[in-house]
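Participant: Residue numbers (our numbering), protein chains in the order written: chain A, 1 to 491; chain B, 1 to 491. Beta carbons are placed, not taken as given, at the ideal position from N, Cα and C, and that holds for glycine. Remember, predicted model here, so these are calculated numbers, not experimental data. Quick one: the structure is below, and I'll ask about it shortly.
Number of protein chains: 2
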Amino acid sequence: MMYSLQCRCFGSAGTKIQRNPSFATLNSDDITYFKGVLGEKNVVQDEDRLEFVNADWMHKYKGSSRLLLLPTTTDEVSQILKYCNSRHLAVVPQGGNTGLVGGSVPVFDEVIVSMSSMNNVIDFDEVSGILVCEAGCILENLISFLDNQGFIMPLDLGAKGSCQIGGNVSTNAGGLRLIRYGSLHGTVLGLEAVLANGNVLDMLGTLRKDNTGYDLKHLFIGSEGSLGIVTKVSILTPPKLSSVNIAFLACKDYLSCQRLLLEAKRKLGEILSAFEFLDSEAMDLVLNHLEGIRNPLPPSMHNFYVLIETTGSDEAYDKEKLEAFLLRSMESGLISDGVLAQDINQASSFWRIREGIPEALMRAGPVYKYDLSLPVENMYNLVEDMRVRLAEKAKVVGYGHLGDGNLHLNISAPQYDDMILAKIEPYVYEWTSKHRGSISAEHGLGLMKANKIFYSKSHETVQVMASIKKLLDPNGILNPYKVLPHSLTSY
Amino acid sequence: MMYSLQCRCFGSAGTKIQRNPSFATLNSDDITYFKGVLGEKNVVQDEDRLEFVNADWMHKYKGSSRLLLLPTTTDEVSQILKYCNSRHLAVVPQGGNTGLVGGSVPVFDEVIVSMSSMNNVIDFDEVSGILVCEAGCILENLISFLDNQGFIMPLDLGAKGSCQIGGNVSTNAGGLRLIRYGSLHGTVLGLEAVLANGNVLDMLGTLRKDNTGYDLKHLFIGSEGSLGIVTKVSILTPPKLSSVNIAFLACKDYLSCQRLLLEAKRKLGEILSAFEFLDSEAMDLVLNHLEGIRNPLPPSMHNFYVLIETTGSDEAYDKEKLEAFLLRSMESGLISDGVLAQDINQASSFWRIREGIPEALMRAGPVYKYDLSLPVENMYNLVEDMRVRLAEKAKVVGYGHLGDGNLHLNISAPQYDDMILAKIEPYVYEWTSKHRGSISAEHGLGLMKANKIFYSKSHETVQVMASIKKLLDPNGILNPYKVLPHSLTSY
Numbered sequence: 001m002m003y004s005l006q007c008r009c010f011g012s013a014g015t016k017i018q019r020n021p022s023f024a025t026l027n028s029d030d031i032t033y034f035k036g037v038l039g040e041k042n043v044v045q046d047e048d049r050l051e052f053v054n055a056d057w058m059h060k061y062k063g064s065s066r067l068l069l070l071p072t073t074t075d076e077v078s079q080i081l082k083y084c085n086s087r088h089l090a091v092v093p094q095g096g097n098t099g100l101v102g103g104s105v106p107v108f109d110e111v112i113v114s115m116s117s118m119n120n121v122i123d124f125d126e127v128s129g130i131l132v133c134e135a136g137c138i139l140e141n142l143i144s145f146l147d148n149q150g151f152i153m154p155l156d157l158g159a160k161g162s163c164q165i166g167g168n169v170s171t172n173a174g175g176l177r178l179i180r181y182g183s184l185h186g187t188v189l190g191l192e193a194v195l196a197n198g199n200v201l202d203m204l205g206t207l208r209k210d211n212t213g214y215d216l217k218h219l220f221i222g223s224e225g226s227l228g229i230v231t232k233v234s235i236l237t238p239p240k241l242s243s244v245n246i247a248f249l250a251c252k253d254y255l256s257c258q259r260l261l262l263e264a265k266r267k268l269g270e271i272l273s274a275f276e277f278l279d280s281e282a283m284d285l286v287l288n289h290l291e292g293i294r295n296p297l298p299p300s301m302h303n304f305y306v307l308i309e310t311t312g313s314d315e316a317y318d319k320e321k322l323e324a325f326l327l328r329s330m331e332s333g334l335i336s337d338g339v340l341a342q343d344i345n346q347a348s349s350f351w352r353i354r355e356g357i358p359e360a361l362m363r364a365g366p367v368y369k370y371d372l373s374l375p376v377e378n379m380y381n382l383v384e385d386m387r388v389r390l391a392e393k394a395k396v397v398g399y400g401h402l403g404d405g406n407l408h409l410n411i412s413a414p415q416y417d418d419m420i421l422a423k424i425e426p427y428v429y430e431w432t433s434k435h436r437g438s439i440s441a442e443h444g445l446g447l448m449k450a451n452k453i454f455y456s457k458s459h460e461t462v463q464v465m466a467s468i469k470k471l472l473d474p475n476g477i478l479n480p481y482k483v484l485p486h487s488l489t490s491y
Numbered sequence: 001m002m003y004s005l006q007c008r009c010f011g012s013a014g015t016k017i018q019r020n021p022s023f024a025t026l027n028s029d030d031i032t033y034f035k036g037v038l039g040e041k042n043v044v045q046d047e048d049r050l051e052f053v054n055a056d057w058m059h060k061y062k063g064s065s066r067l068l069l070l071p072t073t074t075d076e077v078s079q080i081l082k083y084c085n086s087r088h089l090a091v092v093p094q095g096g097n098t099g100l101v102g103g104s105v106p107v108f109d110e111v112i113v114s115m116s117s118m119n120n121v122i123d124f125d126e127v128s129g130i131l132v133c134e135a136g137c138i139l140e141n142l143i144s145f146l147d148n149q150g151f152i153m154p155l156d157l158g159a160k161g162s163c164q165i166g167g168n169v170s171t172n173a174g175g176l177r178l179i180r181y182g183s184l185h186g187t188v189l190g191l192e193a194v195l196a197n198g199n200v201l202d203m204l205g206t207l208r209k210d211n212t213g214y215d216l217k218h219l220f221i222g223s224e225g226s227l228g229i230v231t232k233v234s235i236l237t238p239p240k241l242s243s244v245n246i247a248f249l250a251c252k253d254y255l256s257c258q259r260l261l262l263e264a265k266r267k268l269g270e271i272l273s274a275f276e277f278l279d280s281e282a283m284d285l286v287l288n289h290l291e292g293i294r295n296p297l298p299p300s301m302h303n304f305y306v307l308i309e310t311t312g313s314d315e316a317y318d319k320e321k322l323e324a325f326l327l328r329s330m331e332s333g334l335i336s337d338g339v340l341a342q343d344i345n346q347a348s349s350f351w352r353i354r355e356g357i358p359e360a361l362m363r364a365g366p367v368y369k370y371d372l373s374l375p376v377e378n379m380y381n382l383v384e385d386m387r388v389r390l391a392e393k394a395k396v397v398g399y400g401h402l403g404d405g406n407l408h409l410n411i412s413a414p415q416y417d418d419m420i421l422a423k424i425e426p427y428v429y430e431w432t433s434k435h436r437g438s439i440s441a442e443h444g445l446g447l448m449k450a451n452k453i454f455y456s457k458s459h460e461t462v463q464v465m466a467s468i469k470k471l472l473d474p475n476g477i478l479n480p481y482k483v484l485p486h487s488l489t490s491y
């Protein structure tokens with residue numbers, strides 16, 4: 001088997017992993033068995049189709065699986081896993097394959113179990129707003145489905161056109177609505193998951209309150225397919241509200257951004273739905289590298305920009321409320337300038353600045369990307385520290401979901417350079433660890449950061465994770481080499 | 001050892017449990033050891049003090065422990081558990097001892113580890129609203145502490161004057177604010193917990209987003225102290241909002257209540273903070289058995305009453321919004337009558353009706369109480385079914401947190417009577433199970449319903465729970481006889 005792992009941006013290229021010799025290699029009897037369970041057409045060996053599912057969308061990670069399985073029912077998933085477990089065939093569960101950490105593609109020759117064909121809405125209760133669906137439903141399709149019912153999904157992501165709800169749940173996806181609707185640990189009410197041995201765990205409750213025993217579904221939220229394959233999801237969806245307003249603001253320093261966040265939470269409280277920030281370096285990048293974008297607050301003498309979105313049920317009132325808030329913030333000096341979107345085009349242009357940063361960074365050249373959670377008060381110190389460390393060698397850019405304490409630290413360099421990388425890593429991870437932050441706010445660990453977990457989690461805690469992995473997947477067939485350190489899962 | 005288990009109301013009096021013979025019995029060396037670790041005064045053998053902590057507040061459950069330990073640090077908790085584990089001494093963790101299912105008192109001679117002396121606020125970040133504190137902090141004290149900072153706790157309970165945050169977390173307490181702020185699985189950001197072997201799991205993150213490995217804290221939320229002792233908690237607290245409005249409404253039928261809930265979620269959306277309901281039987285009870293209460297909507301020809309509370313940041317506007325909503329609901333026929341509280345006294349009198357129901361029931365005589373989660377659309381059918389089953393034998397009362405799908409089914413009888421009980425159980429549990437409901441919405445299973453878990457959870461799921469229990473507490477010393485069926489935990 002060929003093994004190819006490209007991980008340029010993150011400096012993990014040197015990571016060497018051996019294929020676990022306890023895993024079996026696929027043979028013709030296996031294929032015959034799977035065809036018997038799934039039918040000919042759902043057992044895919046075609047090279048072109050395999051090429052597509054072996055690689056992640058960034059083309060950073062690439063496996064060499066010879067088999068893609070497309071189950072259409074939970075029972076089929078159960079039969080697949082039971083068989084793979086008895087045969088010691090490793091498996092990688094795959095949703096929309098939009099992950100950023102190499103979690104959704106094979107590392108070697110793992111069998112790919114795609115959930116794409118399990119894409120039905122099972123039930124929607126318009127009194128409670130509870131949606132029950134199969135794991136392979138594409139997020140955007142669910143959003144459209146709910147829109148017709150007057151509801152929204154409690155999460156929204158850039159990848160919504162491809163990502164699947166089962167993958168969202170398995171990676172505990174964050175996204176743009178977290179500040180308002182919280183994490184999936186709060187909104188997912190139930191799951192159905194298939195364990196490595198084929199046992200189906202029916203935890204598909206549709207109840208907001210259920211205190212009968214341990215709430216096992218949380219083990220499967222964010223475990224990246226390494227404890228079981230999520231086959232069905234029930235999720236609480238909020239009603240769609242009619243009024244959305246967006247303001248683009250400037251602050252003179254990071255402390256003002258923090259204070260503005262506090263005031264926004266207090267004064268806009270129930271209608272606040274996004275609080276994003278970017279620094280002037282991020283703004284410069286966007287202005288220099290994307291077309292048709294202008295700074296709504298010229299001249300660009302501001303150090304920080306904040307995008308505030310409100311979502312409520314009363315257009316006129318919400319706007320008036322936001323205007324009053326902005327006026328007060330201007331008077332008190334928290335913001336030095338600001339503009340409220342007057343129509344949907346202006347609103348889109350504000351969002352385009354914030355959402356355009358990753359694209360602008362890519363166009364600017366080589367970039368080292370970090371997705372960190374940090375206490376809000378310390379968050380920006382890391383950006384400033386990095387500027388001191390790197391001096392003229394690279395441009396350090398800070399932006400992200402300030403309201404959630406999630407910093408996207410990006411370092412834009414003239415070229416990929418081990419000297420630069422050595423200035424960044426492990427310093428960034430150590431800094432994050434020292435401030436009790438998280439080295440992965442929303443992307444997960446996948447293959448990329450499996451061995452870096454100790455920067456964010458204690459040894460005792462990781463040891464318990466490993467023992468739970470061993471309990472639920474004793475042969476280690478589910479998404480091997482990922483999430484947990486290889487030293488703890490090579491059994 | 002004496003064993004006394006009184007469980008009159010719930011018909012579980014016949015439950016027979018044997019003391020697990022693998023547990024050791026306390027000896028004088030143990031006492032010497034504990035005094036060495038905790039100091040004389042925190043090792044309590046005094047009969048009167050033991051009497052108090054051996055019994056629950058309802059005097060339904062009573063153990064016969066000879067020892068109460070009062071650790072003041074996590075390290076002390078760790079030393080206690082490590083020792084108890086090696087000696088096979090069973091332990092019951094205790095918070096404010098306000099539980100309703102016999103989960104917080106010993107069944108036999110378990111050592112009581114009270115968290116009462118670990119009651120410090122460790123940190124509060126007013127930008128993020130994140131509170132970090134020790135497990136023994138009393139909920140009401142935290143509410144007061146936050147009030148001074150302009151924040152509130154995301155949960156509120158009748159028992160707030162006694163219950164402790166560690167107990168709230170360990171039982172996944174629900175309460176009055178769940179419809180607005182969600183469950184503790186969403187608001188608790190981090191925990192510190194001590195395992196049976198004394199290992200301390202530091203999961204005390206203060207981050208809204210952290211996708212580094214399995215989110216183990218959820219195992220300890222709602223596991224009723226059977227997997228570890230929660231020693232510290234970090235929790236996201238919402239800003240205190242200035243405007244609270246309360247309306248008391250009448251609906252002609254249950255379908256109207258459901259539709260009103262849907263409209264309220266859509267039209268009041270972001271300010272809705274409570275949606276409670278009671279039926280006319282509940283209203284009659286309150287009017288007949290409590291003093292100084294009058295029906296705000298006479299003559300009492302209404303079948304259902306709904307209490308709606310809004311909490312927002314703008315007094316005048318919120319009231320106007322609620323008034324407009326009520327007017328529309330009246331015009332469309334969803335409500336047949338309604339009144340908006342004009343001052344805080346009237347608001348209190350509305351809440352008094354809803355909160356007074358349990359007291360009125362107690363005064364009315366013997367009562368069989370059930371705390372159920374059910375799909376909102378079916379919820380009230382159970383009340384009607386029970387009326388048919390019981391006919392003239394007892395009065396069936398339905399009320400609860402409609403917004404959360406939580407029904408409090410209460411059956412008020414002339415006397416406790418096995419014939420009546422046989423009409424109720426197992427019918428209520430079977431009915432709940434058939435509708436995929438939960439036999440414990442917020443109270444937990446404790447000792448009372450440990451053997452009834454299968455009504456709400458599948459065998460495969462409970463089996464995994466038992467294997468996790470065995471993994472984390474191989475000697476079964478933590479809160480034995482509770483949560484899980486005795487057949488699975490008697491090892």
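Buried or exposed: which applies to S428/B, given that a residue is buried once 16 or more other Cβ atoms fall within 10 Å of its Cβ?
Facilitator: In the second sequence, residue 428/B corresponds to position 428, counting from 1. The amino acid at residue 428/B is misidentified as Ser; the sequence shows Val. V428/B comes out buried.
Participant: Is any beta-carbon of chain B found at less than 8 Å from that of H289/A?
Facilitator: Mapped onto the first sequence, residue 289/A falls at position 289. Not closer than 8 Å to any Cβ of chain B, the Cβ of H289/A fails to qualify, so no.
Participant: Return the residues of the stretch 314–332 of chain B that lie within a Cβ-Cβ distance of less than 8 Å from chain A, sorted by chain order.
Facilitator: Here the close residues are D314, Y317, K321.
Participant: Any Cβ of chain A within less than 8 Å of the Cβ of D279/B?
Facilitator: Residue mapping note: residue 279/B aligns to position 279 of the second sequence, counting from 1. It does not; no Cβ of chain A falls within 8 Å.
Participant: Looking at the structure shown, is C7/B part of a helix, part of a strand, or coil, going by DSSP?
Facilitator: Translated into positions along the second sequence, residue 7/B becomes position 7. At C7/B the pLDDT is 35, less than 50, meaning the model places this residue with poor confidence; the figure from the coordinates comes in the next sentence. Coil, per DSSP.
Participant: Check the Cβ-Cβ distances between A135/A and every residue of chain B, and say whether any is below 8 Å.
Facilitator: What you label residue 135/A is simply residue 135 of the first sequence in a count that begins at 1. Closer than 8 Å: no.
Participant: How long is the line joining the alpha carbons of V111/B and V91/B, rounded to whole angstroms?
Facilitator: Here residue 111/B corresponds to residue number 111 of the second sequence, with the count starting at 1. Here residue 91/B corresponds to residue number 91 of the second sequence, with the count starting at 1. Rounded to whole angstroms, V111/B to V91/B spans 5 Å at the Cα level.
Participant: At a Cβ cut of 7 Å, what residues of the stretch 109–122 of chain A count as close to chain B, listed as they run along the chain?
Facilitator: Answer in chain order: no residues at all.
Participant: Taking only the alpha-carbon atoms, compute the straight-line gap between M330/A and L326/B and give it to the nearest angstrom.
Facilitator: Counting from one through the first sequence, the residue named residue 330/A turns up at place 330. Counting from one through the second sequence, the residue named residue 326/B turns up at place 326. If I take the Cα positions, the gap works out to 37 Å.
Participant: Answer with buried or exposed for A13/A, where buried requires no fewer than 16 other C-beta atoms within 10 angstroms of its C-beta.
Facilitator: Working through the first sequence from its first residue, we reach residue 13/A at position 13. Residue placement at A13/A is poorly supported in this model, since its pLDDT is 38, which falls under 50; the coordinates are not used for a value here.
Participant: Report the option in L139/A, L471/A, M465/A, N479/A whose CA atom is closest to the CA atom of Y214/B.
Facilitator: Position 214 of the second sequence, counted from the first residue, corresponds to residue 214/B. Selected option, being the one with the closest Cα: M465/A.
Participant: Does the beta-carbon of H459/A have 16 or more other beta-carbons within 10 angstroms, so that it is buried, or is it exposed?
Facilitator: Against the first sequence, residue 459/A aligns to sequence position 459. So H459/A ends up on the exposed side.
Participant: Consider the Cβ of I468/B: report whether some Cβ of chain A lies at a distance smaller than 8 Å.
Facilitator: Numbered from its first residue, the second sequence carries residue 468/B at position 468. Yes, because at least one Cβ of chain A sits closer than 8 Å to the Cβ of I468/B.
Participant: Looking at C-alpha atoms only, which residue of L131/A, V397/A, L178/A, N20/A is the closest neighbour of L189/A?
Facilitator: Along the first sequence, one-based indexing puts residue 189/A at 189. Nearest of L131/A, V397/A, L178/A, N20/A to L189/A, Cα basis: L131/A.
Participant: Which residues in chain A sit within 7 Å of H435/B, going by Cβ to Cβ distance?
Facilitator: Taking the second sequence and counting its residues from 1, one reaches residue 435/B at position 435. Chain A residues near H435/B: none, gap ~10 Å exceeds 7 Å.
Participant: Find the residues of chain A that neighbour N199/B, judging by a C-beta separation of less than 7 Å, and give them in chain order.
Facilitator: As a working note, residue 199/B is residue 199 in the second sequence. Result: E460.
Participant: Alpha carbon to alpha carbon, how far is I80/B from G403/A?
Facilitator: Taking the first residue of the second sequence as position 1, residue 80/B is located at position 80. Taking the first residue of the first sequence as position 1, residue 403/A is located at position 403. Whole-angstrom Cα-Cα distance: 40 Å.
Participant: Please name the residue in P238/B, R266/B, S349/B, S438/B whose C-alpha comes closest to that of V286/B.
Facilitator: Working through the second sequence from its first residue, we reach residue 286/B at position 286. Out of P238/B, R266/B, S349/B, S438/B, S349/B has the C-alpha closest to the C-alpha of V286/B.
Participant: Looking only at C-alpha atoms, which of P299/B, T72/B, N120/B sits nearest to S234/B?
Facilitator: The count along the second sequence starts at 1 and reaches residue 234/B at position 234. Ranking P299/B, T72/B, N120/B by Cα distance to S234/B puts N120/B first.
Participant: With respect to the beta strand (DSSP E) encompassing P93/B, which residues constitute its N-terminal and C-terminal limits?
Facilitator: Within the second sequence, residue 93/B is the residue found at index 93, counting from 1. Element bounds for P93/B: 91–94.
Participant: I'd like the span of the beta strand (DSSP E) that includes S243/A, first residue to last.
Facilitator: Locating residue 243/A in the first sequence gives position 243, counting from the first residue. Residues 243–251.
Participant: Please report whether the beta-carbon of K457/B lies at a distance below 8 Å from any beta-carbon of chain A.
Facilitator: On the second sequence, position 457 is the one that residue 457/B refers to. Output row for K457/B: interface = yes.
Participant: In this structure, how does DSSP classify Q79/A when only helix, strand and coil are distinguished?
Facilitator: To locate residue 79/A, count along the first sequence from 1; it is residue 79. Here Q79/A sits in helix by DSSP.
Participant: Taking C-beta pairs closer than 9 Å, name the residues in chain A that P375/B reaches, listed in chain order.
Facilitator: Within the second sequence, residue 375/B is the residue found at index 375, counting from 1. By Cβ distance, chain A contributes D125, V127, S128, I130, T206, L207.
Participant: Assign P474/B to one of two classes, buried (16 or more other C-beta atoms within 10 Å of its C-beta) or exposed (fewer than that).
Facilitator: Against the second sequence, residue 474/B aligns to sequence position 474. P474/B should be labelled exposed.
Participant: What ranges does the alpha helix (DSSP H) occupy inside the stretch 299–352 of chain A, keeping only unbroken runs of at least 4 residues that lie completely in it?
Facilitator: Taking only runs of at least 4 residues, the alpha helix (DSSP H) segments lying wholly in the stretch 299–352 of chain A are 315–331.
Participant: Does E134/A come out as helix, strand or coil in the three-state DSSP assignment?
Facilitator: Taking the first sequence and counting its residues from 1, the one referred to as residue 134/A is at position 134. Note: E134/A maps to strand in three-state DSSP.
Participant: Could you pull out every residue in the same chain whose Cβ sits closer than 8 Å to the Cβ of N54/B, ignoring the five residues on either side in sequence?
Facilitator: Position 54 of the second sequence, counted from the start, is the residue given in the question as residue 54/B. So the list reads K62, G63, S64, S65, V105, P106, I112, once near-sequence residues are dropped.
Participant: Does the distance from the C-beta atom of T171/B to that of G444/B stay below 8 Å?
Facilitator: Locating residue 171/B in the second sequence gives position 171, counting from the first residue. Locating residue 444/B in the second sequence gives position 444, counting from the first residue. Yes, Cβ-Cβ distance for T171/B and G444/B is below 8 Å.
Participant: I'd like the list of long-range same chain contacts for N85/A, defined as Cβ closer than 7 Å, with 5 residues on each side in sequence excluded.
Facilitator: If you number the first sequence from 1, residue 85/A lands on position 85. Hits under 7 Å: A196, N197, G198, N475, I477.
Participant: With the cut-off set at 8 Å, would you say G228/B and A193/B are in Cβ contact?
Facilitator: Within the second sequence, numbered from 1, the residue matching residue 228/B stands at position 228. Within the second sequence, numbered from 1, the residue matching residue 193/B stands at position 193. Yes, Cβ-Cβ distance for G228/B and A193/B is below 8 Å.
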